[in-house]
Amino acid sequence: MVVGFSLSSFPLYLVQRGEILHFRMRVPKDIKEHLKMTEINISLKTSRLKKAEKKAQHLAWELSIFFKDIRRGKYRAMKELSKDEIRVLVNQWLKDNLDNDERERATTRKTGITLGDIERQSEVWSSLKQDSWEALTLSDHRRMKFHAQELLKEQNIDIPEDSDSFSILCREMLKAQIQALEVLQKRTLGDYSPIESKALFFPETQDNFSMVQPISLSHEEEKEVDKGPLLSVVLEEFVKDKLQLKEWTERTRQDNEPMVKDFIEMIGDMPIGKLSSEHMRDARNRFLRIPKNRVKNPKYADKGLRELSDMDIPEKDKLSPCTLSNRSVKIGGFLNWARDRGYPVKEGLATVMKFKQPKRRQSQQRAVFTPEDLGKIFNPKSYLKAAKGDPARYWVPIISLVSGMRIEEICQLYLTDIREEKNILCFYINGKNDKHVKSLASERLVPLPPVLYQLNFLEYVENMRTRKEERLFPTLEKRGANGKYSDNISKWFNRYIEKIGVKDKKEEEKVGKKVFHSFRHTFANLCKQKQIKPRFIKQVIGHEQGKDITLDRYGKDYDIRIIYKELTIKVTPEVNLEPLVQAIKEQGGYNNYFSY
15 MVVGFSLSSF PLYLVQRGEI LHFRMRVPKD IKEHLKMTEI NISLKTSRLK KAEKKAQHLA
75 WELSIFFKDI RRGKYRAMKE LSKDEIRVLV NQWLKDNLDN DERERATTRK TGITLGDIER
135 QSEVWSSLKQ DSWEALTLSD HRRMKFHAQE LLKEQNIDIP EDSDSFSILC REMLKAQIQA
195 LEVLQKRTLG DYSPIESKAL FFPETQDNFS MVQPISLSHE EEKEVDKGPL LSVVLEEFVK
255 DKLQLKEWTE RTRQDNEPMV KDFIEMIGDM PIGKLSSEHM RDARNRFLRI PKNRVKNPKY
315 ADKGLRELSD MDIPEKDKLS PCTLSNRSVK IGGFLNWARD RGYPVKEGLA TVMKFKQPKR
375 RQSQQRAVFT PEDLGKIFNP KSYLKAAKGD PARYWVPIIS LVSGMRIEEI CQLYLTDIRE
435 EKNILCFYIN GKNDKHVKSL ASERLVPLPP VLYQLNFLEY VENMRTRKEE RLFPTLEKRG
495 ANGKYSDNIS KWFNRYIEKI GVKDKKEEEK VGKKVFHSFR HTFANLCKQK QIKPRFIKQV
555 IGHEQGKDIT LDRYGKDYDI RIIYKELTIK VTPEVNLEPL VQAIKEQGGY NNYFSY
């Protein structure tokens with residue numbers, strides 16, 4: 015049991031000093047001599063009791079784990095590592111990596127692999143091994159710094175990175191990496207000769223890193239620790255971790271965090287170790303009964319999730335299978351993260367929450383615009399009236415139609431993002447300034463299609479530069495829950511196509527809904543029908559190229575001149591946009607039509 019202070023005015027571990035609440039805990043007697051202190055005091059930097067309670071519970075749980083680890087001899091006090099100690103660490107690191115590789119080979123069945131593929135993979139290992147040899151020869155150990163940090167962190171060993179021990183560790187790990195690559199190359203070719211075990215593993219030495227003698231915890235202490243912190247506390251750590259590691263943007267956080275918060279609201283905020291399959295099944299059944307868009311619907315806006323799940327909600331108002339599946343993925347991701355970080359999460363909980371999605375071929379998951387649809391959308395009479403002289407409304411759908419760019423990629427463009435590359439004018443899609451890209455592959459150059467020249471798009475660009483604007487569409491502002499420049503344009507366009515009768519065909523085919531994003535699928539489909547090489551298509555629309563290690567690691571993007579010649583000038587929209595130019599002329603030209 016964690017030792018704390020019992021105060022009448024505040025919950026356990028909390029004391030008030032001035033307006034600020036502090037965490038205060040007694041150090042157990044058997045730990046005092048090692049920490050050289052009798053109690054722990056930490057400012058929680060808040061005067062709000064509820065917030066301080068959560069922080070205090072989390073700190074108490076972490077400290078209980080810390081005390082437990084000290085008793086078991088997990089923490090090691092040292093400033094330098096001996097040669098033998100380094101060899102033990104590297105030996106285990108190498109063995110673990112090779113064991114993991116062999117486990118993956120044993121459990122992953124590969125199909126469609128040719129002898130040529132095997133030879134190319136062998137060449138990759140050989141090339142990487144040569145790189146490592148060169149680094150070792152030049153005493154360039156920097157490439158192993160991250161691996162050394164991770165190894166020391168796993169073993170709870172703290173040594174300065176500027177110490178001799180750290181440098182020697184990096185060098186020994188580089189040597190071990192060369193040996194490992196040699197083994198991987200042999201395994202790829204089916205060579206499992208026993209020489210590898212003799213060559214690789216160092217003799218065992220006595221591990222005497224222990225800071226204290228292990229002491230068994232009582233059953234009550236184990237039971238208390240295993241409960242863990244509250245789900246809400248773990249969620250805070252989850253979000254913080256994702257943002258710090260840059261695995262999430264603020265936008266991703268807004269997509270994920272509310273889903274997990276809904277889950278916690280549905281089952282109640284409890285210690286994560288108490289979460290059971292029964293809780294997961296109950297939450298799953300209740301999510302099946304709640305309404306969609308409940309915050310926007312006056313009938314449901316003032317009610318909690320559990321209350322809603324007990325109501326008789328009409329089937330048409332309930333969450334769609336796709337939304338339910340999306341929720342389960344996000345909740346499962348949270349639980350898997352917590353388990354990976356050592357929180358006491360029971361195995362298999364994430365799978366209990368899964369929802370079945372309607373089966374649909376990948377090519378049918380999003381609808382495309384038919385030539386008939388495009389004729390309705392870009393009919394000069396209705397299109398110019400709907401755009402109301404707004405440059406963004408006019409140009410954004412056209413650019414997406416002819417380039418396949420995402421709506422936000424277009425709406426966030428700066429004028430400097432329209433640049434010349436090897437005598438070809440391009441859109442430069444990047445995450446600089448306040449812009450956002452979906453992935454590394456999304457950062458790319460997209461040649462301006464010839465149709466944009468025909469529509470006098472450059473006249474508009476030059477006009478914006480003359481006005482000394484910074485952004486291509488300066489009237490657009492970040493709006494909506496996700497803070498997107500495209501929020502208003504997306505809503506306007508979807509209302510527009512509904513009004514002019516561009517309808518989904520769900521009765522005829524199991525395809526997705528027709529929305530702005532359908533332009534992107536229309537463009538990709540047109541490229542496919544024109545028999546454009548898949549790698550050209552992926553480079554232009556900003557998708558990962560695949561898992562060809564030779565091309566992806568050693569090959570660079572295709573020259574923009576090749577992309578322009580082999581894709582851009584070959585893929586033209588299945589609608590004639592020239593009538594728009596004539597209609598604009600009849601209204602006195604772009605300067606007269608656009609309301610700047």
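Numbering (our numbering), first residue to last: 15 to 610.
The beta carbon of each residue, even a glycine, is placed where N, CA and C say it ideally should be.
Values in this document were obtained by computation on a predicted structure and should not be read as measured data.
### Query
What residues in its chain sit with their C-beta under 7 Å from that of D283, if we drop five residues either side in the sequence?
L244, L245 and S246
### Task
With DSSP as the reference, label Q378 as helix, strand or coil.
Here Q378 scores only 48 on pLDDT, less than 50, and its place in the model is too uncertain to base an answer on.
#### Entry: Meets three-Cβ-pair contact criterion under 8 Å: the stretch 187–198 and the stretch 143–161
Contact between the stretch 187–198 and the stretch 143–161 is present, because at least three Cβ pairs lie under 8 Å.
### Query
Is the CB-CB distance between I546 and E580 below 8 Å?
yes
### Message
Please report the distance separating the alpha-carbon of L427 from that of C440.
### Response
Going from the Cα of L427 to the Cα of C440 covers about 12 Å.
#### Entry: First and last residue of the uninterrupted alpha helix (DSSP H) at N311
Run containing N311: none; DSSP gives neither H nor E here.
### Task
Give every residue of the same chain whose Cβ lies closer than 8 Å to the Cβ of L249, excluding the five residues on either side of it in the sequence, and list them in chain order.
E271, V274, K275, I278 and F348
### Task
Give, in chain order, every unbroken run of the beta strand (DSSP E) that is at least 3 residues long and sits entirely within the stretch 452–535.
458–461
#### Entry: N55, enclosing beta strand (DSSP E) - first and last residue
E53 to S57
### Query
Can you tell me whether S96 is buried or exposed, with buried defined as 16 or more other CB within 10 angstroms of its CB?
In the assembly as shown, S96 is an exposed residue. Its beta-carbon has fewer than 16 other beta-carbons within 10 Å.
### Neighbourhood of V41 by C-beta distance below 7 Å, restricted to the same chain and skipping five residues each side
L49, M51, T52, E53 and I54
### Task
Compare the Cα-Cα distances from L166 to each of M280, C184, T151 and R157 and report the closest residue.
Comparing Cα-Cα distances from L166 to each of M280, C184, T151 and R157, the minimum goes to C184.
### Query
Excluding sequence positions up to five away, which residues of its chain have a Cβ less than 8 Å from the Cβ of R308?
Y314, A315, K317 and L322
### Task
With a threshold of 16 other CB atoms inside 10 Å of the CB of T202, please say whether the residue is buried or exposed.
Its Cβ being crowded by 16 or more others within 10 Å, T202 is buried.
### Message
If distances are taken between C-alpha atoms only, which option among N437, E435, Y408 and R267 comes closest to I424?
### Response
Y408
### Task
Quick one: using the 10 Å Cβ neighbour count with 16 as the cut-off for buried, is Y467 buried or exposed?
exposed
### Message
Rounded to whole angstroms, what is the Cα-Cα separation between T263 and L257?
### Response
Roughly 6 Å between the two C-alpha positions.
### Nonlocal neighbours in the same chain, by C-beta distance under 7 Å from I577, ignoring five residues either side
Take I577, set aside five residues on each side of it, and the residues of its chain with a beta-carbon closer than 7 Å to its own are P461, F550, Q553 and V554, in chain order.
### Query
Based on Cα-Cα distance, which residue from K330, D296, L540 and N447 lies nearest to V366?
Checking every option, the nearest Cα to that of V366 belongs to D296.
### Query
How about R85: is its Cβ closer than 7 Å to a heavy atom in the ligand FMN?
The ligand content of the structure shown is nil, which means the ligand FMN is not present either.
### Message
Since L415 and F608 should fall inside the 8 Å C-beta cutoff, what is the C-beta to C-beta distance between them, to a whole number of angstroms?
### Response
Going by Cβ atoms, the distance from L415 to F608 rounds to 19 Å, so no, they are not a contact pair.
### Task
Could you tell me which residues DSSP pairs with M39 in its beta bridges?
I54
### Task
Could you check how far apart the C-beta atoms of P285 and V589 are, in whole angstroms? I think they sit under 8 Å.
That pair is no contact at about 59 Å.
### Task
Measure the C-alpha to C-alpha separation of R509 and K390 and round it to an integer number of angstroms.
Taking the straight line joining both Cα atoms gives about 14 Å.
### Message
Across the stretch 69–82 and the stretch 28–47, are there enough close Cβ pairs to call them in contact, namely three or more that are closer than 8 Å?
### Response
yes
### Of the residues R433, K360 and S417, the one placed nearest P464, counting alpha carbons only
S417
### Task
Determine the closest residue to I432 out of M478, H450, F392 and S396, with distance taken between C-alpha atoms.
M478
### Query
In terms of DSSP beta bridges, what is C336 paired with?
DSSP output for C336 lists no bridge partner at all.
### Query
If you draw a straight line from the alpha carbon of R85 to that of K69, how long is it in whole angstroms?
24 Å
### Task
Report, in whole angstroms, the separation of the C-beta atoms of P394 and L594, which I expect to be a contact under 8 Å.
5 Å
### Query
Between N496 and the rest of its own chain, which residues show a CB-CB distance below 8 Å, the 5 nearest in sequence each way excluded?
R265, Q268 and D269
### Task
Would you mind reading off the limits of the beta strand (DSSP E) that contains F441?
It spans I438 to I443 - the beta strand (DSSP E) in which F441 sits, taken as one unbroken run.
### Query
Near K584, what residues of its chain come up, given a Cβ to Cβ distance below 6 Å and the 5 sequence neighbours on each side ignored?
Correct list, in chain order: K544.
### Task
Please report how far the alpha carbon of K542 lies from the alpha carbon of H535, in whole angstroms.
10 Å
### Query
Where do the N-terminal and C-terminal ends of the alpha helix (DSSP H) with I432 fall, by residue?
Taken as a continuous stretch (DSSP letters only), I432 belongs to no alpha helix (DSSP H), being part of the beta strand (DSSP E) at I432 to E435.
### Task
Tell me P285's beta-bridge partners as DSSP assigns them.
L244
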